[in-house]
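Reviewing the structure listed below.
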Amino acid sequence: MPLLPVAHFRATRRLGFAALPWLLLSLIMVGFPARQRAAAGWSAMSESTPPADFTISLRGFCFDPQTSDPAREFAQRGLRGGYVTEAEAAGDGYRLVQFTGRTQDAWLTQLRQMGVEPAQYVPHQAYLAYVPATAREAAEGLSFVRWMGPYHPIYKLSPDLQWVFTGKKGKPSGDGTYLVATFKRLGLEAAARQVATVGKVLAADPMPSGAAFDMLRVRLTPQGVAAAAGLQEVMSIEPYAPPTLEDERSAHVTAGNYTGTGIDNLTGPGYDPQAQFGSNGSGVTVGIVDDGLEIPGPQGFYITAANAVAGPARGADGATSFRGGHGHLCASIIAGTTPFPNILDPRNYNYGLGVAPGAHLVSVPFITGGAYQGGDATAVNDTIATLPPNGARATISNNSWGAGVGTDYGAREAQYDALTQDASQGESVDPLLFVFSSGNSGPNDRTLTRPKAAKNIITVGSSVGLRPELNPFSGIPNTNIDFLSDFSSRGPAADGRVKPDVCAPGQRITGPRATSGQVGAQIGDGVHIHGSGTSFAAPHVSGAAAVFTGWWRANNGGQTPSPALVKAALINGAVDMNAAHPGAPSSNTTAPIPNSGEGWGRVNLRRSIPSGLPTAYVDENIALLDVGQTYVFTGLVANGGQPVRVTLAYSDPPGAPGASPALVNDLDLAVTVGGQTYRGNALANGLSVIGGSADNRNNVENVFLPPQPAGTPIVARVTASALNGDGILGNADATDQRFGLVISNATAVTPTAPLLAALDVMTMEQGGNGNGVIEPCESGTLAVRLRNDGTPATGLSATLTALTPGVAVTAGTGTFPDLGTGQTATGPTPAFRFALGPTVPCGQAVEFRLTVSYAGGGGPLIAMLRVPTGFADGGSYAFASSGGAAIPSGGELVNGSQQDDALIPLTAPFGFSVYNASVAAGATLVADTNGILRLAGGGESLFGNQSLPAPTGNAPALFVFWDDIDLTAQQGGGPRGIFTQVTGSAPNRQWVVEWRGVRFGTSEEIHVAVALREGSSRFEYLYAQTGPGNGNSATVGVQAAAVDASFTQFSFNQPLIAPGLRLDAQLPTCAPCASCEYTVTPLTANVSGDGASGATLTVTTSPGCGWEATVRN
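Numbering of the sequence shown is given in this note's numbering, commencing with residue 66 and proceeding in unit increments.
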């Protein structure tokens, strides 16, 4: 009987049965004429947990402590003060303790039983812990302790203070004021006494018990900074920056009462949130941490003694800036009520009606030029301890101020993350939602002011208010609510987290004028002003939060929603702005969400408070106590004409000051709709896409989907991927987390049939070139991890079908084991197999349809699987090393480059590209004197190297030899600086950029270069002198952009960069696809022999140049 159709191809590879004895050696053998056979590992396409990262990432240093110690390396260069030897650290004290994997409660318990006190999680897999000398040896010997070492003084300093121990520039000429975080172990008073031995303590801020630290504001000399870093109870030190300050129409915009983006699309006068939402904020209290309120306001309108109260002045009432009008305008935006009669704007809207006119206010005059005698925690405690006329404690705090530009995670950011969990200095746990303006330092990216990179707060950027009758601001007209304000500070946070969170109107916002009239421009009626700034965007969001809080209480038995739920609801309802102004590009919002200007979009209360659209909520009533624990919501899509939006937010424990990433507990969101699974924050063009990886940086995750058919099953899962800190204060578990979850357009339903989902897709290269990537003309196996969140499913059989032309499924059926409720299984058995033909484009994701039939009701499961092939988006660079490198002589010194820690502008002599970023002739690049070439400016010089990715901005960077290189000209020394030259002739020229200097603080010569090729993405690194360490303190590689971008790291603090080394960097491409052709004869064969009587041979071929012969009895 014929077992195989005749397979005729264009030419002449023949497979005859002369090979039969060889074939009988195995039941299944696979050959690939066009590829060398090689083993390969599984490649996960979805959420599989990544291997543990063992780099310590703290204060700009990133190192594997088993192989590197930056503090010791500075000491070896004679910069001894920031390092302590093991002998010096032999007594009781704080140490870094790193585990062998993700934190387990049992490990922490065992350490505590030994007397070790883990205090603060540090990325990755590490803690700052107090270790008694008597327990140190035993603790180091524990099987789960990977490494333990001193907490060096240099690791306590923010990067802008590292002059203290490194000899770098930046040392102040006199005393300065600093924020000093101290460990809680001895108590604030004892720690303050210790710090007072080296400086003057100006203010002490006790933090809630859930925090690992208290805060001091201290006056220190430059020498005192070094001394303070050496104190055992000091956790971190950073410069102190004093906090400075940063219309019914805009209320309508915030409420979502518009049909378009212009003034004629706005709902008419008569904003009434009580009628619209069933809440106007009545019973809700908002703190205004600002310059003080005038109570009552002029003529007794908007802000009165009936809706506002002043908290303790603490000396602020003596400041000239007290009640300057800034806070008064913010207060009116939130809760302005009883508007001036007969004084309306040209379209009859009220000038000063608030978003939540029923809310009450507490004024805390914190921003009064330092007159307020108390720190941040004191101001926060005053906010919740002062009761307004409604008698309700504040649950929202508006903060329209900032303390210097900074996107990294410092002590102030950690402070507000802790205060979100518990704002009280008393025994009770009192969470508080903080709303902050993003800052007015735009339009460039990474211009947030402090503490806007905090994780748990809502950071608000500014969009345009609808005031076309007023002049444009910074060239941006007040005509389109989708315009972004030029001044609005942009994100992201330094560790790549999405910031700002949302936007709201902040440009040309009107309200009441305070008597002092220090803020804003007058409208002309003598009682109203208009102002612009993110200061006036934040109170719109605070007002929206108050309206949501009132609505939640009215529908949930009076319970106050958690800060996490309010944040999730406002983000879930936000709208993606989309406008472009040709004359003001900084106002453009055409980039899809999330982006660095608008975050997740502009707040829209009509979408955050559902009216007729079923929405499911979880408000911190689920506790995740163990890694791997999963909360599961099951339901059905309610309205087939509306999108499905799912938002997870949680109040993460405070991170260590200087930690990168700042995330402590990692919860991950996955949503399955109709059997298709989507990961949190895996989006393209503003919508979720299949596949992607779990987000391990943000404590806000979103799945946004277009309309789905009504009645489609939906499953939302929240999984604890890592628990390293206390996310639930007041219980005995120190590693746990609660969360807020909003599932818009879904009704909860208990499953009555199996609910299968394809969670993960895993592929493995079979018989290709061994690079682990499946390319055209190669084959692979495919496995799927299934999960069942419904009733038990039995008899699971699966079929795989290729949907992409040129892809052949060579083994497309198999079975899975039975799945009970909540169970998962990986399969099928046997595994699916597929081959990519020569017509499949390299780098294209190929698609399959998975069909799983089962017994138990419902079904089958039909899901689309996407598998990356080749090198998506060009992949990342590969380095080929060789010897004999020489840097061409004749380079010309770049003016101004003989410096230390400087950014030097360079002009590209011709066009070239790095990754997918093209550089045109005449474009400006930036050379960092520390051995880095950036394709765009911005940021600061980076002398402390780390493993990639690195925070070098939103453009590619070439890390030729990233080390602390001093290019300062020296008397009698060799040439120093950055040199450039062009060699060759067009169109084959090369641009050579070279660095000549020494490692800072040494005489070790460094001479390295990069040669960029005209019209090409290829380049070479050339090394002439690399010092005796041969790169053991340097990072060498290339990066597409900042955090979470493609990058290739050739070495990090490894002695691999010897003089004469050449590294040729090229983007990978798929290997040429051979044309393999077969003629198979004869059509069938019967096989006989020992034990093989009646056996048959089947030969199959695939478009991937492979064949498979199977002998079956």
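Heads up, the beta-carbon is just placed ideally off N, CA and C, and yes, glycines get one too.
**Prompt:** Looking at the unbroken beta strand (DSSP E) that takes in G1102, where does it start and where does it end?
**Reply:** Locating residue 1102 in the sequence shown gives position 1037, where the first residue counts as 1. From DSSP, the beta strand (DSSP E) with G1102 extends over 1100-1104.
**Request:** Please work out which residues of its chain come closer than 6 Å, Cβ to Cβ, to L1013, disregarding the five sequence neighbours upstream and downstream, and give them in chain order.
**Result:** Start at 1 with the first residue of the sequence shown, and residue 1013 comes out as number 948. The residues are G1102, Q1104, F1112, Q1114.
**Prompt:** Buried or exposed: N750, going by 16 or more other Cβ atoms within 10 Å of its Cβ?
**Reply:** The residue given as residue 750 occupies position 685 in the sequence shown. Looking at its Cβ environment, which holds fewer than 16 other Cβ atoms inside 10 Å, N750 is exposed.
**Message:** Between the alpha carbons of C1135 and F499, how many angstroms are there, rounded?
**Reply:** To locate residue 1135, count along the sequence shown from 1; it is residue 1070. To locate residue 499, count along the sequence shown from 1; it is residue 434. Approximately 50 Å between the Cα atoms of the pair.
**Item:** Residue range of the unbroken beta strand (DSSP E) whose run includes H393
**Value:** On the sequence shown, residue 393 is found 328 positions in, with the first residue counted as 1. Per DSSP, H393 belongs to no beta strand (DSSP E); it is in the alpha helix (DSSP H), 391-400.
**Message:** Between D717 and the ligand ATP, is there a pair consisting of the residue's CB and a ligand heavy atom that are separated by less than 6 Å?
**Reply:** What this structure holds is no ligand at all, so the ligand ATP is not there to describe.
**Request:** Identify whether H217 lies in helix, strand or coil by the three-state DSSP scheme.
**Result:** Here residue 217 refers to the residue found at position 152 when the sequence shown is read from its first residue. DSSP places H217 in coil when its eight states are reduced to three.
**Message:** Given this structure, state the Cα-to-Cα distance separating F881 from T891, to the nearest angstrom.
**Reply:** Here residue 881 corresponds to residue number 816 of the sequence shown, with the count starting at 1. Here residue 891 corresponds to residue number 826 of the sequence shown, with the count starting at 1. In a straight line, the C-alpha of F881 is about 7 Å away from that of T891.
**Asked** When we look at the beta-carbon of D337 and count the other beta-carbons within 10 Å, is it buried (16 or more) or exposed?
**Response** Translated into the one-based positions of the sequence shown, residue 337 becomes position 272. Counting Cβ neighbours within 10 Å, D337 comes out exposed, since fewer than 16 surround it.
**Asked** What did DSSP end up calling W665 once you bin it into helix, strand or coil?
**Response** By one-based count along the sequence shown, residue 665 stands at place 600. In this structure, W665 counts as coil in the three-state DSSP scheme.
**Message:** I'd like the ranges of any alpha helix (DSSP H) spanning at least 4 consecutive residues and lying wholly in the region 246-316.
**Reply:** The qualifying runs are 253-260, 287-294.
**Message:** Taking the beta carbon of K520 as the centre, do at least 16 other beta carbons fall within 10 Å, making it buried, or is it exposed?
**Reply:** Position 455 of the sequence shown holds residue 520. Burial call: buried.
**Residues of its chain near T859, where Cβ-Cβ distance is below 7 Å and the 5 sequence neighbours each way are ignored** = Here residue 859 refers to the residue found at position 794 of the sequence shown. So the list reads D883, Y919, A920, G921, once near-sequence residues are dropped.
**Item:** For N37, three-class secondary structure by DSSP
**Value:** Nothing about residue 37 can be reported from this structure: the residues present for the chain run from 66 to 1178 only.
**Asked** Looking at C-beta atoms only, is the number of pairs between the region 262-279 and the region 427-446 that lie closer than 8 Å three or more?
**Response** Under the 8 Å Cβ criterion, the region 262-279 counts as touching the region 427-446, having at least three qualifying pairs.
**Asked** In the region 1017-1097, which residue ranges form an unbroken beta strand (DSSP E) of at least 3 residues, counting only runs that do not cross its ends?
**Response** 1022-1027, 1042-1048, 1055-1064, 1070-1078, 1084-1091
**Prompt:** Looking only at its own chain, which residues have a Cβ that is under 7 Å from the Cβ of A371, when we skip the five neighbours before and after it?
**Reply:** Position 306 of the sequence shown holds residue 371. Excluding positions up to five away in sequence, the list reads P454.
**Prompt:** Got a sec, what are the start and stop residues for the beta strand (DSSP E) E830 sits in?
**Reply:** Taking the sequence shown and counting its residues from 1, one reaches residue 830 at position 765. Run containing E830: 821-831, per the beta strand (DSSP E) assignment.
**DSSP beta-bridge partners of S502** = Here residue 502 corresponds to residue number 437 of the sequence shown, with the count starting at 1. V525.
**Reduced DSSP secondary structure (H/G/I, E/B, other) of S1116** = Mapped onto the sequence shown, residue 1116 falls at position 1051. Strand.
**Asked** Could you give the distance in angstroms between the alpha-carbon of W22 and the alpha-carbon of A986?
**Response** Because the chain is modelled from 66 through 1178, residue 22 falls outside the range shown and cannot be assessed.
**Prompt:** Should the region 1059-1075 be called in touch with the region 1028-1038, which here means at least 3 C-beta pairs below 8 Å?
**Reply:** yes
**Prompt:** How about I461 and G530: do their beta carbons lie closer than 7 Å?
**Reply:** If you number the sequence shown from 1, residue 461 lands on position 396. If you number the sequence shown from 1, residue 530 lands on position 465. Going by C-beta atoms, I461 is not nearer than 7 Å to G530.
**Message:** Is it the case that the region 187-199 contacts the region 116-125, given that we only count it when at least three CB pairs across the two stretches are under 8 Å?
**Reply:** yes
**Asked** Would you call G348 buried or exposed, if buried means 16 or more other Cβ atoms sit within 10 Å of its Cβ?
**Response** Counting from one through the sequence shown, the residue named residue 348 turns up at place 283. Buried, by the Cβ-count rule.
**Request:** May I ask you to report which of helix, strand or coil DSSP gives F139?
**Result:** On the sequence shown, position 74 is the one that residue 139 refers to. Correct three-state label for F139: helix.
**Prompt:** Between the C-alpha atoms of D355 and G392, what's the straight-line distance to the nearest angstrom?
**Reply:** If you number the sequence shown from 1, residue 355 lands on position 290. If you number the sequence shown from 1, residue 392 lands on position 327. Their Cα atoms are separated by approximately 5 Å.
**Request:** Out of Q694, G362, T856, state which residue places its alpha-carbon closest to the alpha-carbon of G390.
**Result:** Taking the first residue of the sequence shown as 1, we reach residue 390 at position 325. Here the closest residue by C-alpha is G362.
**Message:** Could you pull the DSSP bridge partners for P604 from this structure?
**Reply:** For the purposes of this step, residue 604 is taken as residue 539 along the sequence shown, with counting starting at 1. Bridge partners of P604: none, in fact.
**Request:** Consult DSSP for I368 and reduce its assignment to one of helix, strand or coil.
**Result:** Taking the first residue of the sequence shown as position 1, residue 368 is located at position 303. For I368, the three-state secondary structure derived from DSSP is coil.
**Message:** Tell me the rounded alpha-carbon separation between E298 and V290.
**Reply:** Sequence index remark: in the sequence shown, residue 298 carries index 233 (1-based). Sequence index remark: in the sequence shown, residue 290 carries index 225 (1-based). Each residue's CA atom was taken as its position, placing E298 and V290 some 14 Å apart.
**Cβ shell of S91 (< 6 Å), same chain only, five flanking positions each side left out** = Numbered from its first residue, the sequence shown carries residue 91 at position 26. Annotation note: pLDDT 26 at S91 (below 50); position unreliable, coordinate value reported separately. Excluding sequence neighbours, S91 sits near nothing in its chain.
**Prompt:** Can you name, in chain order, every residue of its own chain whose Cβ lies under 6 Å from the Cβ of L296, other than the five neighbours on each side?
**Reply:** Numbered from 1 along the sequence shown, position 231 holds the residue referred to as residue 296. Within the same chain, L296 has close Cβ partners Q259.
**Item:** 6 Å Cβ shell around A476 - same chain, five flanking residues per side excluded
**Value:** Position 411 of the sequence shown, counted from the first residue, corresponds to residue 476. These residues qualify, in order along the chain: L244, A246, S301, E303, P722.
**Request:** May I have the straight-line CA-CA distance separating F139 from N995, to the nearest angstrom?
**Result:** In the sequence shown, the residue the question calls residue 139 occupies position 74. In the sequence shown, the residue the question calls residue 995 occupies position 930. Each residue's alpha carbon lies about 16 Å from the other.
**Asked** Can you list, in chain order, the residues of its chain whose CB lies under 7 Å from that of R1041, leaving out five sequence neighbours each side?
**Response** Walking along the sequence shown from the start, residue 1041 turns up at place 976. Cβ within range, chain order: Q963, L1032, T1033, A1034, Q1035, R1061, G1062.
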